[in-house]
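If you read the sequence shown in mature numbering (1 follows the signal peptide of the UniProt record, and there is no 0), its first letter stands for residue 1, the second for the next number, and so on.
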Amino acid sequence: SQNTEINLSKLGGTVLLEADYQRTQVNMELAKLPENRWRPFQQADILQGITNQAHWLRFTATNPTDQAIHWVIRGETSFLDYLEIYYRNDSGTFQHETYSDWHDFQQRQINYRTLSAGLSTPAHTKTEVILKAYFIGNDTMNLRFSLYTSDDFNRLSQRENLLYGLFYGAMLLLVLLSLMAAAILRQIKALFYAAFLISSILCWLMVNGLGFQYLWPHSPEWHNQGFHIAYLIFGFTALQFGRSFLFLSQTLPKVNRLFIAIQLLYSLILIAYLFGYLENVILYISHSALATTALLMPVVGFIAWRKRISYAVWFMAAWLIYSTGLILTLMSTTIANLNWGNSPLDWLQMATLLESIFLMVAVSSWIIELNSEHKKAITLAHQDPLTELGNRRLLQSRYTDYYNNLNDRSLPLFMLVIDLDSFKEINDNYGHDGGDVVLKELGCLIKQNCGAEDVAIRFGGEEFAILVALNSIEEAWELAERIRLQFANNPTYYCNQQIKHTLSCGIAEVLSKDVQLNVNEIMRCADSALYKAKQAGRNQTHLCESPVGKS
Ligand SMILES: Nc1nc2c(ncn2[C@@H]2O[C@H](COP(=O)(O)OP(=O)(O)OP(=O)(O)O)[C@@H](O)[C@H]2O)c(=O)[nH]1
Numbered sequence: 001s002q003n004t005e006i007n008l009s010k011l012g013g014t015v016l017l018e019a020d021y022q023r024t025q026v027n028m029e030l031a032k033l034p035e036n037r038w039r040p041f042q043q044a045d046i047l048q049g050i051t052n053q054a055h056w057l058r059f060t061a062t063n064p065t066d067q068a069i070h071w072v073i074r075g076e077t078s079f080l081d082y083l084e085i086y087y088r089n090d091s092g093t094f095q096h097e098t099y100s101d102w103h104d105f106q107q108r109q110i111n112y113r114t115l116s117a118g119l120s121t122p123a124h125t126k127t128e129v130i131l132k133a134y135f136i137g138n139d140t141m142n143l144r145f146s147l148y149t150s151d152d153f154n155r156l157s158q159r160e161n162l163l164y165g166l167f168y169g170a171m172l173l174l175v176l177l178s179l180m181a182a183a184i185l186r187q188i189k190a191l192f193y194a195a196f197l198i199s200s201i202l203c204w205l206m207v208n209g210l211g212f213q214y215l216w217p218h219s220p221e222w223h224n225q226g227f228h229i230a231y232l233i234f235g236f237t238a239l240q241f242g243r244s245f246l247f248l249s250q251t252l253p254k255v256n257r258l259f260i261a262i263q264l265l266y267s268l269i270l271i272a273y274l275f276g277y278l279e280n281v282i283l284y285i286s287h288s289a290l291a292t293t294a295l296l297m298p299v300v301g302f303i304a305w306r307k308r309i310s311y312a313v314w315f316m317a318a319w320l321i322y323s324t325g326l327i328l329t330l331m332s333t334t335i336a337n338l339n340w341g342n343s344p345l346d347w348l349q350m351a352t353l354l355e356s357i358f359l360m361v362a363v364s365s366w367i368i369e370l371n372s373e374h375k376k377a378i379t380l381a382h383q384d385p386l387t388e389l390g391n392r393r394l395l396q397s398r399y400t401d402y403y404n405n406l407n408d409r410s411l412p413l414f415m416l417v418i419d420l421d422s423f424k425e426i427n428d429n430y431g432h433d434g435g436d437v438v439l440k441e442l443g444c445l446i447k448q449n450c451g452a453e454d455v456a457i458r459f460g461g462e463e464f465a466i467l468v469a470l471n472s473i474e475e476a477w478e479l480a481e482r483i484r485l486q487f488a489n490n491p492t493y494y495c496n497q498q499i500k501h502t503l504s505c506g507i508a509e510v511l512s513k514d515v516q517l518n519v520n521e522i523m524r525c526a527d528s529a530l531y532k533a534k535q536a537g538r539n540q541t542h543l544c545e546s547p548v549g550k551s
């Protein structure tokens, strides 16, 4: 039969190989190849599904020009056990070269991530080429070969390297960020996210052959079999991150148990495989691990989001992107007529980056939530719930700050202790609720009279305090009197009744160049002044004459 002819002068960009085709047993030799079995290679032949046969492609490249043409046959996938090439110029004898995934990377004729071959056709001659592509065992066979001029091929591989560089650079940046988050926040979730990213990177290094090209060129065994391990680790870390990130043990305990069971299964499979078992089925198992992950994660993300974990929406979106990409890829490798070749795999790789970024957004929004909850907890721990003034704890921590940072230019610090007069009577006359309203009114009044730097607190009961930095004791006195008079002159209205009230105040200078009371002494000193005010008939302000510990 007539060979399919390819005019090399018409090469440009990527040209899909056209050829004659036949399929035989793996051990068939060229000399015994039946001549009558050749037929035109069709689009539907590109994806052969899972097979262990030898696939033969034959064509003749013609060079009608006055110069030799250097050209390249490029295989599309990075996994192909053997690619044998028979070629001869004009009617010479066939030369034979064998390229294999099972050889060191260095033994390749072209330093490129997939099995490819460079040929040269002198001016006005033909090169007859016969390719034999096969796996030793069962595997998914993709017969998409393309032809390039050497220059086009170099441009292609440079462009690829740039894109892959961007991908791995971005992924490593995410790993770095998540490791930093894990170290700073001391949160294991961020560490699980980093582990997931690393396993994802490992999978892609396997799939696009760059790991073999650059990282483990002397380990063809690992290049060929490692991706089963990488896929299982990917499944394991994805489940681990999902469990931890979505608090599954609390939010969805049954799903959590399911995830643990699957993780356990993956671990057992991994161990069995490392000990040499399951070799015939590992291909199916490792791909199922990917599919299981892609199916489970978006669903669980959705359920968690419905359970009011707000950042789960990013988690769900991330996995939807990945799952869509994976489903399209699996479809394209199994349904011959879709004929998208390897391009869905490239899309899936981009989807992986997008997924990882979305997961980073999920992690970030969880960190933001964590931070605001933390702040809320700190505020609540330092707040009096009734008046929303500070509490004793706030006073102590702020006073300790003042105490530790006292310097020559600091203003003297005064403590005002304010106590409602005869509050028991107010409670008796207007009820506990009426008393509460009065307490809130006094809280508001104190707030209005304090600046942002002042510390206003309620001790509980009907006792309040203000810690305030002022120029002199006179200013502190003025502040106390202003509050006292405003409180006395503005009765509280409660259930159409007027509640008249007064307060007493004790003032002490607690921290200055001359006076340095510790946190326990400040109360005692101001209290003694307050006691005097009460003794003297209430509704008045008194100074502490001799502060404890005055130097
Ligand atoms: N409504 C209300 N009452 C409270 C609260 N905490 C404490 N009390 C009441 O406040 C009253 C304090 O009474 P006392 O310690 O005898 O003091 P007082 O009646 O104000 O008398 P003097 O301080 O001597 O003027 C008690 O009746 C407590 O039950 C509160 O949060 N809300």
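Virtual Cβ for every residue (Gly too), placed ideally from N, Cα, C.
Who are the near neighbours of residue i in its chain, counting only those whose CB is closer than 7 Å to its CB and skipping five residues on each side?
{"i": "leucine 320", "result": "Pro298"}
{"i": "valine 15", "result": "Ser146 and Leu147"}
{"i": "alanine 317", "result": "Phe358"}
{"i": "phenylalanine 302", "result": "Met316"}
{"i": "isoleucine 136", "result": "Asp81"}
{"i": "glycine 13", "result": "Asp152"}
{"i": "glycine 102", "result": "Residue identity check: residue 102 is tryptophan in the sequence provided, not glycine. Closer than 7 Å at the Cβ level, and outside the excluded window around tryptophan 102, lie Asp81, Pro220 and Asn224."}
{"i": "leucine 210", "result": "Arg113 and Tyr164"}
{"i": "glutamate 481", "result": "Thr541"}
Please look up how many angstroms separate the CB atoms of residue i and residue j, rounded, as I've assumed it's under 8 Å.
{"i": "valine 497", "j": "leucine 445", "result": "The amino acid occupying residue 497 in the given sequence is glutamine; valine does not appear at that position. Not a contact, Cβ separation roughly 19 Å."}
{"i": "leucine 177", "j": "methionine 360", "result": "7 Å"}
{"i": "tryptophan 71", "j": "leucine 147", "result": "6 Å"}
{"i": "isoleucine 282", "j": "histidine 223", "result": "With 8 Å as the limit, isoleucine 282 and histidine 223 do not qualify as a contact, their Cβ atoms being about 15 Å apart."}
{"i": "asparagine 63", "j": "leucine 8", "result": "5 Å"}
{"i": "tryptophan 539", "j": "alanine 476", "result": "Contrary to the premise, residue 539 reads as asparagine rather than tryptophan in this sequence. Between alanine 476 and asparagine 539 the Cβ distance is about 18 Å, and since that is not below 8 Å, they are no contact."}
{"i": "threonine 127", "j": "tyrosine 87", "result": "6 Å"}
{"i": "leucine 439", "j": "leucine 386", "result": "6 Å"}
Report the residue from the options whose alpha carbon sits nearest the alpha carbon of residue i.
{"i": "cysteine 203", "options": "Ser78, Asn256 and Glu279", "result": "Ser78"}
{"i": "tyrosine 21", "options": "Arg58, Ala44 and Met28", "result": "Arg58"}
{"i": "histidine 96", "options": "Tyr402, Ile262, Leu30 and Gln107", "result": "Leu30"}
{"i": "glycine 169", "options": "Tyr112, Leu353, Glu221 and Asp384", "result": "Leu353"}
{"i": "threonine 65", "options": "Leu119, Thr125 and His432", "result": "Thr125"}
{"i": "leucine 370", "options": "Ala123, Pro220 and Arg186", "result": "Arg186"}
{"i": "glycine 75", "options": "Ser116, Thr334, Arg306 and Lys376", "result": "Ser116"}
{"i": "asparagine 342", "options": "Asn208, Asn89 and Ala381", "result": "Asn208"}
{"i": "tyrosine 99", "options": "Ser91, Thr93, Gly92 and Leu83", "result": "Leu83"}
Given a cut-off of 8 Å, decide if residue j and residue i are closer than it, judged by their beta-carbon atoms.
{"i": "phenylalanine 105", "j": "glutamine 225", "result": "no"}
{"i": "aspartate 419", "j": "leucine 530", "result": "yes"}
{"i": "glycine 242", "j": "leucine 290", "result": "no"}
{"i": "cysteine 450", "j": "isoleucine 507", "result": "no"}
{"i": "leucine 467", "j": "leucine 517", "result": "no"}
{"i": "serine 332", "j": "leucine 326", "result": "no"}
{"i": "threonine 400", "j": "valine 519", "result": "yes"}
{"i": "leucine 411", "j": "alanine 465", "result": "no"}
{"i": "valine 363", "j": "tyrosine 193", "result": "yes"}
{"i": "alanine 54", "j": "arginine 23", "result": "yes"}
{"i": "methionine 141", "j": "glutamine 263", "result": "no"}
{"i": "isoleucine 110", "j": "glycine 118", "result": "yes"}
{"i": "alanine 294", "j": "leucine 246", "result": "no"}
{"i": "phenylalanine 457", "j": "arginine 392", "result": "Checking the sequence shown, residue 457 turns out to be isoleucine, not phenylalanine. In this structure, arginine 392 lies closer than 8 Å to isoleucine 457 by Cβ."}
{"i": "leucine 252", "j": "alanine 304", "result": "yes"}
{"i": "asparagine 52", "j": "asparagine 138", "result": "yes"}
{"i": "alanine 61", "j": "phenylalanine 41", "result": "no"}
{"i": "leucine 232", "j": "leucine 205", "result": "no"}
{"i": "isoleucine 69", "j": "threonine 149", "result": "yes"}
{"i": "alanine 123", "j": "glutamine 158", "result": "no"}
Keeping to the same chain, check which residues put their C-beta closer than 6 Å to that of residue i; ignore five residues upstream and five downstream.
{"i": "threonine 237", "result": "Ala195, Phe196 and Ser199"}
{"i": "alanine 190", "result": "Ser178, Ala181 and Ala182"}
{"i": "histidine 542", "result": "Gly506, Ala529, Lys532 and Ala533"}
{"i": "glycine 443", "result": "Thr387 and Leu389"}
{"i": "arginine 409", "result": "none"}
{"i": "histidine 218", "result": "Asp104"}
{"i": "threonine 4", "result": "Glu18, Ala19, Asp20 and Phe59"}
Apart from the five residues on each side of it in sequence, which residues of its chain come closer than 8 Å, Cβ to Cβ, to residue i?
{"i": "arginine 257", "result": "none"}
{"i": "glycine 549", "result": "Low confidence applies here, because glycine 549 scores a pLDDT of 42, under 50, leaving its location unreliable; read the following figure in that light. Cβ neighbours of glycine 549 beyond the five flanking positions: Val515, Gln516, Leu517, Asn518 and Glu521."}
{"i": "leucine 174", "result": "Leu197, Ser356, Ile357 and Met360"}
{"i": "leucine 328", "result": "Trp340, Pro344, Trp347 and Leu348"}
{"i": "isoleucine 426", "result": "Leu420, Gly434, Gly435, Val438, Ile499 and His501"}
{"i": "asparagine 471", "result": "Leu411 and Pro412"}
{"i": "serine 365", "result": "Ser310, Tyr311 and Trp314"}
{"i": "valine 255", "result": "Leu248, Val300 and Ile303"}
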